[in-house]
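Residue numbers (our numbering), protein chains in the order written: chain A, 2 to 345; chain B, -17 to 278; chain C, 654 to 971. Step one of this worksheet: look at the structure below.
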Amino acid sequence: MSAAMPPLAMETRALRRVYAAKPQPVVALDGVDLEVPPGEFFGLLGPNGAGKTTLIKILTTLLLPSSGTAQVFGFDVERETKQIRRIMNMVAGGEQSGYGILTVREQLWMFTQFYGLAGKEGWRRVDELIEAVGLEEQRVQRVSTLSTGQRQKMNLARGLLNDPWILFLDEPTLGLDVSAARSLRELIVDWKAAVPGRTILITTHYMAEADELCDRIAIVDHGRILAIGSPAELKKRVQRESIFRIELDRLDGGAHALARLPGVVSASEAADAAGDAARQVVVMNLVLEDDSALGQVVGALAASGSEILGLRKSEPTLEDVFVELVGRGFEESEAEGSPTEAVA
Amino acid sequence: MAAGSMNLVGRAGAGPREAAAWSRRQVLLTDLRSVRGRAYPRVRGLTREPSWLLFEILLPFLGTSAFVFVYRALEAPQEYVGFVVLGGALTAFWLNVIWMMANQLYWEKAQGNLELYFAAPMHFMSILFGMAVGGMAMSTTRAATVLVIAGTLYGVTFTVDQWLLLVGVFVLTLGALYGLGMVLASLFLVWGREAWHMGQLLTEPVYFVSGLNFPVARLGMLGALSVAFLPLATGLDAMRQLAFADAAFPAGTPPPLVEVAILVVMTVVSIVAARAMLIAMERRARRDGRLSVRWQ
Amino acid sequence: MSAVTPDARKASATAPTFDLARTRGNGLSDTIRTFIVSVRLGWQLEANWTDPFLFFIYSVAKPVSSALILVVMLEVIGGPAGRSFRPFVVVGSALWAFVISGVAGLAWAILEDRERYRVLKYVYVSPSDFLTVLVGRGVARIAVGLAGVVITLVVGVVALGVPFDVAVVDWPLLVASSLLGLGTIIALGLLMAGVCIQTRQESWSYPEAFAGALFLVTGAVFPLLVLPAPVQLVGLLTPLTWWIAGIREALFPGGPDSIGGSGSLFETLFGPGSPTGGEIVLALLATGAIATLAALAIFRLSDRRAKRAGLYDRTTGS
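Printed below as a string of structure tokens:
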């Protein structure tokens, strides 16, 4: 890396981590190469046991790699741990850490001391963050009395205390209900918007979360990165055409009539449309070369006297991407057993 | 949440590499503030749950009193009652070292706090020192209660000729005790659950070989070894000689100044060893992935 | 949402109905099963007999050291003349290690399940009787403590010159005192468990502190007559005093007595001499029953407060 170029926020080269386990060692990371520029919201998506947490623990200096290198803003995770710890923070999902006897305010203040803030500055920072995450009413409540969602907000506030240049989020919405998870994601997005240039690495096995939040995603399985790209780029890997589901009052000429139109790859009656027979609705699945062919289809239908009752575009999910890459779904992958199950 | 509500102060103008480059002053201040931070929950806990007044102060005082009455039953010279009282007072600090320092890292790991501590930038010894300082409030109260109340109740008379030396020995004893506590904490970090049982081993057997209720020189060679290697034995013996200057001590009791020298060496060695061991143990824990595995 | 399909209707017709009998349980057999399972769990967790290091700590090092402290104290003051008092202190300190094991066994089960294993709330809401679970969990430590008593007494006889003649042992008194004493110790353990439900993580030392305080008033290592009269009264009302006296009298009949003697409160109240074996057992039964009832009451009180305050699923720590 030349002196003129800013360092990458995260960089790994042939990163490998093997756990000694019985009956045989477990390879949690198997040659991971990763480059994440500063300011990116980067996601690691994969089933349980894929190696996401192992990777995050290496980058947060809690775990040594077995081989390969990893750097955070140019600092080596093995030799320059102090420097990394000064500019990063981490929040994990399902965290029960903390001292139950302290209030939220006191718990957070304690951590400001670990990051070197002066006493009064620490209290000011804590109050600022408590307000930012919406815990004003719980400010003087003991940590042991917080709900799961409130606790995770407190954990997020702790993660932001030192204004980190890079924030590691390890399944931060794990165990939260829909509303609490959404609230937490909004807070994360708000923070990133409020302090530009900060990098976030999030691990998750919730596809919608990765889809919503991340600039780029790495899909991980069995310790390897299978694909990296933006959500749109990843989905394009598995679906190059546009798929539509169209509901009509009638269709003269049947599916063949549509299939002959320019830009239409295939047209078929939808297999799950049986319930609509009573309503006299014809439901068709259309595969088009691209979205621009849709206009011709609509025009042709209008000319034949068909009324369009409904139109919906089908998009592949990130699980479709995973299936395409691995040949099985998330749940099947987890059911098979993870490389790191034996370690935990 | 309204946009822009995360109006937090950023480090304008400083990049991550500049932000990571701390001055020595910043490092020192962080470590000192970390001591304060880690002591805080201990001190706060004292006021929020006062059961310790009964179980850490009053009841142990009664336990010490039992040994006073053993000597009374034997019609022992009064200075032996004083020995028991002083031993009971110093026990408070030893127990603080075992349970509030040495074993504490195991509890922190079980709670999930340990990895947060390691991920933070302060030196880990600040955390241990903060634990020690926080626990000292309770230990000091207990020691003072035993000394004052038991001393008054049982008519113990202290004859001190060298107050400065006595205070110095006390401070050095604490330094050596807590230095040992730091060494044990780093060992226990790796030993995991076995460390908790080791803490049990360090109570009655150590009381015996340290001469908690009698001059340690009565144990002959075993006593000499204790004075050489156990800060509780060394400090207690020296403090007894200085606090009861008129009492007769058995042959083989080292002079207080020799014990002071031993305590100085113990303190320095234990703090240096603790630092080196913490670094080595952290590296090993990171290598084996033990920083966040519970029940191990 | 569509109407119930024919398949769903067919499925509900054959689904099992709720069996009220399941809520009634099986009484004593459930209790016995719970106890056995808890004992096995406690055994696996704590009394790892395959680990000689643990056995050494709890059954050898701790109890023997306690005895040695007192033996040396005797030697320092009494010299050879004090040796007649050795059986007194060796028995007392051996039994006291057992008291600590028993009291701590139940109390630590609460702390471990709440703080370390985080399963206390799941155990509590299971249909198993919580008291039975606690007692079962404590059995392992009680067994370890019992091994410590035997080992300390053997060390006392073999290495410390404690004279012991198996022919003169009062076996009925020994058995009666042991059984009643065990019940009392379990009750005290329950009392401490009730306390630990209310306190935080640092209360690991509370059982030992509690036992240490009782050490003062029970004549474990010195006769009660050394204490002021009001304190002697507390001792006479404490079941452990009678338990220790009973074991001592059973193993070393006619030896130094912890309760009676010239100038003792016992002499003032009941006349000169020492209590007989029968009197000891009766006193142990009466005081033990009162202590057990009090311990149960305190435990129930603590349980109610814990449910009101939601203490069963919290973790503490500082």
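The C-beta atom is built at its ideal place from N, Cα and C for all residues, glycine as well. For clarity, every value in this text was computed on a predicted model and none was experimentally measured.
Report the partner residues of residue i according to the DSSP bridge assignment.
i                 : result
LYS314 of chain A : A:PHE245
TYR20 of chain A  : A:VAL27
PHE169 of chain A : A:MET91, A:LEU202
ARG14 of chain A  : A:THR70
VAL33 of chain A  : A:LEU16
ARG143 of chain A : A:THR104
ILE309 of chain A : A:LEU249
ASP910 of chain C : DSSP lists no partner for ASP910 of chain C.
ASP77 of chain A  : A:GLN72
Taking 7 Å as the CB-CB limit, is residue i close to chain B?
i                  : result
THR852 of chain C  : yes
MET726 of chain C  : yes
ILE102 of chain A  : yes
SER718 of chain C  : yes
GLU96 of chain A   : yes
GLY865 of chain C  : yes
GLY160 of chain A  : no
PHE1015 of chain C : In the structure as shown, chain C begins at 654 and stops at 971. Residue 1015 of chain C is therefore absent and cannot be evaluated.
MET285 of chain A  : no
ILE951 of chain C  : no
MET11 of chain A   : no
ARG140 of chain A  : no
PHE115 of chain A  : yes
GLN151 of chain A  : no
GLY930 of chain C  : no
ARG769 of chain C  : yes
Would residue i pass as an interface residue toward chain D - the criterion being a Cβ-Cβ separation below 7 Å?
i                 : result
LYS715 of chain C : Here the protein chains are A, B and C, and chain D is not one of them.
Hey, quick one: how far does the alpha helix (DSSP H) through residue i stretch, first residue to last?
i                 : result
THR205 of chain A : Element bounds for THR205 of chain A: not the alpha helix (DSSP H) but the beta strand (DSSP E), 200 to 205.
SER180 of chain A : 179 to 195
ALA227 of chain B : Where ALA227 of chain B is concerned, there is no enclosing alpha helix (DSSP H), given that its DSSP letter is neither H nor E.
GLY931 of chain C : 930 to 962
ILE685 of chain C : 681 to 698
GLN60 of chain B  : 60 to 77
GLY234 of chain B : From DSSP, GLY234 of chain B is part of no alpha helix (DSSP H); its letter is neither H nor E.
MET155 of chain A : 149 to 161
LEU727 of chain C : 715 to 731
GLN97 of chain A  : Segment: none, GLN97 of chain A is in no alpha helix (DSSP H) and carries neither H nor E.
TRP857 of chain C : First-last for TRP857 of chain C: undefined, no H or E at that position.
LEU890 of chain C : 882 to 890
From what residue to what residue does the beta strand (DSSP E) around residue i run?
i                 : result
VAL288 of chain A : 283 to 289
GLY44 of chain A  : 42 to 46
VAL265 of chain A : 265 to 270
Please confirm if residue i has its CB atom under 7 Å from at least one CB of chain C.
i                 : result
GLU186 of chain B : yes
VAL247 of chain B : no
GLY112 of chain B : no
Answer yes or no: does any C-beta atom of chain A fall closer than 7 Å to that of residue i?
i                  : result
PRO103 of chain B  : yes
ALA1 of chain B    : yes
LEU98 of chain B   : yes
PRO(-2) of chain B : yes
ASN85 of chain B   : no
ASN195 of chain B  : no
ARG30 of chain B   : yes
Can residue i be considered in contact with the ligand GTP, in the sense that its beta carbon sits closer than 6 Å to one or more heavy atoms?
i                 : result
PRO860 of chain C : Of the ligands one can find in the structure shown there are none, so the ligand GTP has no counterpart to examine.
Would you list, in chain order, the members of the stretch 136 to 159 of chain B that have their beta-carbon closer than 9 Å to a beta-carbon of chain C? Correct list: empty, as no residue qualifies.
Enumerate, from N- to C-terminal direction, the unbroken alpha helix (DSSP H) stretches of 4 or more residues contained entirely within the stretch 211 to 263 of chain A. Entirely contained in the stretch 211 to 263 of chain A, the alpha helix (DSSP H) runs reaching 4 residues are, in chain order, 232 to 239, 255 to 260.
Interfacial residues, the stretch 56 to 79 of chain A to chain B, with Cβ spacing under 8 Å: Answer set for the stretch 56 to 79 of chain A: LYS58, THR61, THR62, LEU63, LEU64, LEU65, PHE74, GLY75, PHE76.
Which residue spans inside the stretch 130 to 200 of chain B form an unbroken alpha helix (DSSP H) run of at least 4? Taken in chain order, the complete alpha helix (DSSP H) segments of 4 or more residues contained in the stretch 130 to 200 of chain B are 145 to 173, 175 to 183, 186 to 191.
Report the residues of the stretch 221 to 249 of chain A with a CB closer than 8 Å to any CB of chain B, ordered along the chain. Within the stretch 221 to 249 of chain A, no residue has its Cβ closer than 8 Å to any Cβ of chain B.
Can you list, in chain order, the residues of the stretch 6 to 21 of chain B whose Cβ is nearer than 8 Å to any Cβ on chain C? Residues: none.
Scan the stretch 801 to 851 of chain C and note each continuous alpha helix (DSSP H) run of 4 residues or more that stays entirely inside, going in chain order. Correct list: 824 to 851.
Taking a cut of 9 Å between CB atoms, which residues from the stretch 252 to 273 of chain B lie near chain C? If the cut-off is 9 Å between Cβ atoms, the stretch 252 to 273 of chain B has nothing near chain C.
Of the residues that make up the stretch 60 to 78 of chain B, which ones have a beta carbon closer than 8 Å to any beta carbon in chain C? Legend: CB atoms of the stretch 60 to 78 of chain B lying less than 8 Å from CB atoms of chain C belong to residues TYR62, LEU77.
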